[in-house]
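In full-length UniProt numbering, the protein residues as written are 1 to 184.
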């Protein structure tokens, strides 16, 4: 269907992201463990092989093509892209340091997602990447109806949750404004 000449592909200014529970005594309260997760996930492979729908890997929280820097004309997402986006060796080092800092020997993570096929596929990709590349990490996937996912997220009963944000106006602040500790 992607090759159908009558099909018009529209870009949406949105980002799927893993919401991490950073509350006290949770694995991702440690910045090194959050950084390790970010570096261990091969976002290009996720976009090409799992989503396989023309999605662009996101390296920042601001969606690609949302807005350009008015002074440079450069896409804001490209301008803010971190130097490293995928580095398994560094991820492993950070993960081990984080475990040690937290006094943990292992990390058993819960991943909540909606019970739709694409969401389950993304969850399985994350699970595979984490469990095969980060020592002493286990990811338990909970693919359940949306209401149940939201209930667990609101109560803080999760470590990772696949979320989506669609910008409602063409300014990076449309994305950044939701990054507050009281937003779920």
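No residue lacks a Cβ here, since even glycine has one placed at the ideal position from N, Cα and C.
Just so it is clear, the structure is predicted and the values come from calculations on it, not from any experiment.
- Looking only at 30, 15 and 16, the smallest Cα-Cα distance to residue 22 is reached by 30.
- The criterion of a C-beta distance shorter than 9 Å is not satisfied by residue 62 and residue 27.
- Within its own chain, the residues whose Cβ lies closer than 7 Å to the Cβ of residue 47, once the five positions on either side in sequence are excluded, are 55, 56 and 57, listed in chain order.
- Excluding five sequence positions before and after residue 96, the CB atoms of its chain that fall closer than 8 Å to its own CB belong to 135, given in chain order.
- Annotated three-state conformation of residue 22 is coil, per DSSP.
- Partner residues in a beta bridge of residue 178, as assigned by DSSP, do not exist.
- As for any beta strand (DSSP E) of minimum length 3 sitting wholly inside the segment 105-166, the runs are 107-114, 137-144 and 160-166, ordered along the chain.
- For residue 40 and residue 85, the gap between their C-alpha atoms comes out near 9 Å.
- In its chain, beyond the 5 residues on either side, 112 and 158 have a beta carbon closer than 7 Å to the beta carbon of residue 152.
- In summary, residue 98 is buried, with 16 or more beta-carbon neighbours lying within 10 Å of its beta-carbon over all protein chains present.
- Remark: C-beta atoms of residue 143 and residue 123 approach each other more closely than 9 Å.
- Non-local beta-carbon contacts of residue 68 in its own chain, meaning distances under 8 Å to residues more than five positions away in sequence, involve 74, 75 and 76 in chain order.
- The beta carbon of residue 50 is closer than 7 Å to those of 121, 122 and 125 in its chain, skipping five residues each way along the sequence.
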